[in-house]
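Here the sequence shown is numbered in UniProt numbering, starting from 1 and rising by one per residue.
Ideal Cβ positions, reconstructed from N, Cα and C, are used throughout, including at glycine.
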Amino acid sequence: MVSTLSLLPPFPEAFPAVFLTLGIDLVAGGRNKKTKRTAPKSDDVYLKLLVKLYRFLVRRTKSSFNAVILKRLFMSKTNRPPISLRRLAKFMEGKEEKNIAVIVGTVTDDKRIQEIPAMKVTALRFTETARARIINAGGECLTFDQLALRAPLGENTVLLRGPKNAREAVRHFGKAPGVPHSHTKPYVRSKGRKFEKARGRRNSRGFKV
(Lines of atoms letter the chains of each structure in order from A; the text may use other names.)
(Lines give C-alpha, C1' and ligand atoms only; values in the text may rest on other atoms or scores of the structure.)
Protein backbone atom coordinates (compact mmCIF):
# COMPACT_ATOMS: atom_id res chain seq x y z
CA MET A 1 0.00 0.00 0.00
CA VAL A 2 1.36 3.40 -1.02
CA SER A 3 1.35 6.06 1.71
CA THR A 4 -0.43 9.32 1.04
CA LEU A 5 2.71 11.28 1.99
CA SER A 6 4.65 9.87 -0.96
CA LEU A 7 1.98 11.15 -3.35
CA LEU A 8 2.43 14.77 -2.20
CA PRO A 9 4.83 16.93 -4.24
CA PRO A 10 8.06 18.20 -2.63
CA PHE A 11 7.66 21.09 -0.19
CA PRO A 12 8.88 24.07 -2.31
CA GLU A 13 6.72 23.16 -5.31
CA ALA A 14 3.67 22.58 -3.13
CA PHE A 15 3.96 25.99 -1.50
CA PRO A 16 4.94 28.86 -3.79
CA ALA A 17 7.22 31.63 -2.49
CA VAL A 18 4.19 33.87 -1.98
CA PHE A 19 2.92 31.59 0.76
CA LEU A 20 6.32 31.11 2.36
CA THR A 21 6.76 34.81 3.22
CA LEU A 22 5.46 35.39 6.70
CA GLY A 23 3.20 38.31 7.48
CA ILE A 24 2.08 40.22 10.55
CA ASP A 25 -1.33 39.59 12.05
CA LEU A 26 -2.70 43.09 12.40
CA VAL A 27 -5.68 43.90 14.55
CA ALA A 28 -8.66 45.06 12.52
CA GLY A 29 -8.09 48.65 11.46
CA GLY A 30 -4.44 48.19 10.47
CA ARG A 31 -1.46 49.94 11.98
CA ASN A 32 -2.20 52.76 14.39
CA LYS A 33 -0.57 55.78 12.79
CA LYS A 34 -2.20 58.38 15.04
CA THR A 35 -0.78 58.23 18.53
CA LYS A 36 -2.01 61.53 19.95
CA ARG A 37 -4.74 61.53 22.56
CA THR A 38 -8.31 62.07 21.45
CA ALA A 39 -9.76 62.03 24.97
CA PRO A 40 -8.41 62.43 28.51
CA LYS A 41 -7.34 59.29 30.38
CA SER A 42 -8.61 60.75 33.64
CA ASP A 43 -11.94 59.65 35.10
CA ASP A 44 -12.55 63.13 36.55
CA VAL A 45 -16.17 63.92 35.68
CA TYR A 46 -15.57 67.68 35.82
CA LEU A 47 -12.70 67.40 33.34
CA LYS A 48 -14.93 65.33 31.06
CA LEU A 49 -17.60 68.05 31.21
CA LEU A 50 -15.00 70.65 30.16
CA VAL A 51 -13.95 68.39 27.28
CA LYS A 52 -17.59 68.14 26.21
CA LEU A 53 -17.94 71.94 26.35
CA TYR A 54 -14.75 72.64 24.37
CA ARG A 55 -15.50 69.94 21.79
CA PHE A 56 -18.73 71.84 21.12
CA LEU A 57 -16.91 75.19 20.93
CA VAL A 58 -14.26 73.82 18.54
CA ARG A 59 -16.94 72.38 16.28
CA ARG A 60 -19.16 75.44 16.24
CA THR A 61 -16.66 78.31 16.34
CA LYS A 62 -13.66 76.91 14.37
CA SER A 63 -11.49 78.87 16.84
CA SER A 64 -7.85 77.76 17.05
CA PHE A 65 -7.75 78.99 20.68
CA ASN A 66 -10.50 76.54 21.64
CA ALA A 67 -8.73 73.76 19.72
CA VAL A 68 -5.54 74.35 21.73
CA ILE A 69 -7.49 74.33 25.02
CA LEU A 70 -9.18 71.06 24.05
CA LYS A 71 -5.85 69.48 23.08
CA ARG A 72 -4.29 70.50 26.40
CA LEU A 73 -7.26 69.16 28.37
CA PHE A 74 -6.37 65.72 26.97
CA MET A 75 -2.74 65.93 28.12
CA SER A 76 -1.11 63.97 30.92
CA LYS A 77 -0.18 65.69 34.17
CA THR A 78 3.49 65.78 33.13
CA ASN A 79 2.52 67.77 30.05
CA ARG A 80 0.38 70.19 32.10
CA PRO A 81 3.11 71.63 34.36
CA PRO A 82 2.17 74.12 37.09
CA ILE A 83 2.96 77.82 36.77
CA SER A 84 3.90 80.05 39.70
CA LEU A 85 2.50 83.49 40.53
CA ARG A 86 5.90 85.06 39.91
CA ARG A 87 6.10 83.70 36.37
CA LEU A 88 2.45 84.55 35.79
CA ALA A 89 2.96 88.18 36.90
CA LYS A 90 6.05 88.43 34.68
CA PHE A 91 4.21 87.24 31.55
CA MET A 92 1.16 89.40 32.26
CA GLU A 93 3.12 92.61 32.85
CA GLY A 94 1.37 95.43 30.99
CA LYS A 95 -1.47 93.13 29.87
CA GLU A 96 -3.29 92.46 33.13
CA GLU A 97 -5.98 95.14 32.75
CA LYS A 98 -7.55 93.99 29.48
CA ASN A 99 -6.47 90.36 29.17
CA ILE A 100 -7.25 87.10 30.92
CA ALA A 101 -4.37 84.70 31.62
CA VAL A 102 -5.30 81.13 30.64
CA ILE A 103 -3.45 78.11 32.03
CA VAL A 104 -4.53 74.52 31.40
CA GLY A 105 -2.97 73.35 34.64
CA THR A 106 -2.35 74.49 38.21
CA VAL A 107 -1.43 77.96 39.47
CA THR A 108 0.85 77.80 42.53
CA ASP A 109 1.99 80.38 45.07
CA ASP A 110 5.50 81.84 44.99
CA LYS A 111 7.01 83.45 48.08
CA ARG A 112 9.75 85.09 46.02
CA ILE A 113 7.33 87.77 44.81
CA GLN A 114 6.00 90.14 47.46
CA GLU A 115 3.31 92.00 45.54
CA ILE A 116 1.31 90.76 42.59
CA PRO A 117 -0.82 92.90 40.24
CA ALA A 118 -4.58 92.51 39.93
CA MET A 119 -4.95 89.76 37.31
CA LYS A 120 -7.81 87.78 35.86
CA VAL A 121 -6.64 84.16 35.71
CA THR A 122 -8.32 81.04 34.33
CA ALA A 123 -6.88 77.68 35.37
CA LEU A 124 -7.91 74.10 36.01
CA ARG A 125 -6.83 74.46 39.62
CA PHE A 126 -5.41 77.02 42.08
CA THR A 127 -3.59 76.24 45.30
CA GLU A 128 -5.30 77.80 48.31
CA THR A 129 -2.58 80.40 48.92
CA ALA A 130 -2.36 81.31 45.22
CA ARG A 131 -6.13 81.82 45.02
CA ALA A 132 -6.12 83.94 48.19
CA ARG A 133 -3.27 86.16 46.93
CA ILE A 134 -4.90 86.73 43.52
CA ILE A 135 -8.24 87.68 45.10
CA ASN A 136 -6.60 89.88 47.77
CA ALA A 137 -4.75 91.76 45.03
CA GLY A 138 -8.09 92.60 43.39
CA GLY A 139 -7.91 89.90 40.72
CA GLU A 140 -10.21 87.07 39.71
CA CYS A 141 -9.85 83.28 39.63
CA LEU A 142 -11.98 81.89 36.82
CA THR A 143 -12.94 78.40 35.71
CA PHE A 144 -12.95 77.27 32.08
CA ASP A 145 -16.74 77.24 31.86
CA GLN A 146 -16.74 80.88 33.01
CA LEU A 147 -14.08 81.66 30.41
CA ALA A 148 -16.23 80.05 27.69
CA LEU A 149 -18.99 82.57 28.50
CA ARG A 150 -16.64 85.58 28.66
CA ALA A 151 -14.40 84.73 25.71
CA PRO A 152 -15.96 82.00 23.54
CA LEU A 153 -13.43 82.71 20.77
CA GLY A 154 -10.46 83.32 23.10
CA GLU A 155 -10.48 87.07 22.52
CA ASN A 156 -8.34 89.17 24.91
CA THR A 157 -6.65 86.15 26.44
CA VAL A 158 -3.01 85.21 27.03
CA LEU A 159 -2.44 81.46 26.81
CA LEU A 160 0.40 80.39 29.12
CA ARG A 161 2.20 77.23 30.18
CA GLY A 162 4.51 76.31 33.02
CA PRO A 163 8.07 75.04 32.47
CA LYS A 164 7.79 71.43 31.31
CA ASN A 165 11.38 70.45 32.11
CA ALA A 166 11.49 71.84 35.64
CA ARG A 167 10.72 68.42 37.14
CA GLU A 168 13.43 66.84 39.27
CA ALA A 169 13.21 63.69 37.14
CA VAL A 170 14.45 65.61 34.06
CA ARG A 171 17.79 66.27 35.78
CA HIS A 172 18.61 62.58 35.43
CA PHE A 173 18.07 62.56 31.64
CA GLY A 174 20.90 63.00 29.13
CA LYS A 175 24.49 61.77 28.89
CA ALA A 176 25.61 59.30 31.52
CA PRO A 177 26.78 60.93 34.77
CA GLY A 178 30.57 61.25 34.82
CA VAL A 179 30.98 61.40 31.04
CA PRO A 180 32.88 64.53 29.91
CA HIS A 181 30.62 67.57 29.47
CA SER A 182 27.73 65.75 31.14
CA HIS A 183 25.67 67.63 33.69
CA THR A 184 23.32 64.73 34.31
CA LYS A 185 22.42 64.05 37.92
CA PRO A 186 23.30 60.50 39.02
CA TYR A 187 20.82 58.20 40.74
CA VAL A 188 22.71 57.93 44.02
CA ARG A 189 21.50 56.94 47.47
CA SER A 190 23.10 59.84 49.33
CA LYS A 191 25.35 62.79 48.70
CA GLY A 192 28.41 62.38 50.90
CA ARG A 193 32.08 61.46 51.14
CA LYS A 194 31.55 57.76 50.37
CA PHE A 195 29.07 58.01 47.48
CA GLU A 196 30.49 58.17 43.94
CA LYS A 197 33.48 60.23 45.09
CA ALA A 198 36.34 57.72 44.69
CA ARG A 199 39.13 57.73 42.10
CA GLY A 200 37.63 56.92 38.72
CA ARG A 201 34.66 59.17 39.22
CA ARG A 202 35.93 62.76 39.21
CA ASN A 203 38.25 64.83 37.05
CA SER A 204 40.00 66.03 40.20
CA ARG A 205 41.01 62.40 40.94
CA GLY A 206 42.62 61.87 37.56
CA PHE A 207 39.64 60.10 36.04
CA LYS A 208 39.53 59.96 32.24
CA VAL A 209 37.00 58.27 29.99
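Check, Outcome
"Which value, in whole angstroms, describes the spacing of the CA atoms of G23 and K33?", "19 angstroms"
"Please state whether DSSP places R167 in a helix, a strand or coil.", "coil"
"What would DSSP say about E26, mapped onto helix, strand or coil?", "According to the sequence displayed, residue 26 carries Leu and not Glu. Looking at L26 - three-state DSSP - the assignment turns out to be coil, as it is neither helix nor strand."
"Output yes or no for whether 9 angstroms exceeds the beta carbon distance between P117 and E96.", "yes"
"Please state whether the Cβ-Cβ distance between F126 and Y54 is less than 9 angstroms.", "no"
"Which word fits A130, buried or exposed, when buried means at least 16 other C-beta atoms lie within 10 angstroms of its C-beta?", "buried"
"Measure the Cβ-Cβ separation of L124 and L47 and say whether it is below 9 angstroms.", "yes"
"Taking 9 angstroms as the threshold (C-beta atoms), are L153 and V121 in contact?", "no"
"Between the C-alpha atoms of L57 and T184, what's the straight-line distance to the nearest angstrom?", "44 angstroms"
"What does K120 pair with, by DSSP beta-bridge criteria?", "I100, E140"
"Check whether the segment 60 to 69 and the segment 87 to 95 are in contact - that is, three or more C-beta pairs closer than 8 angstroms.", "no"
"I'd like to know if V51 contacts chain B, where contact means its C-beta is closer than 9 angstroms to some C-beta of that chain.", "Note that chain B does not occur in the displayed structure, where there is just one protein chain."
"So who's on the other strand from L73, going by DSSP bridges?", "According to DSSP, which records beta bridges pairwise, L73 is partnered with nothing at all."
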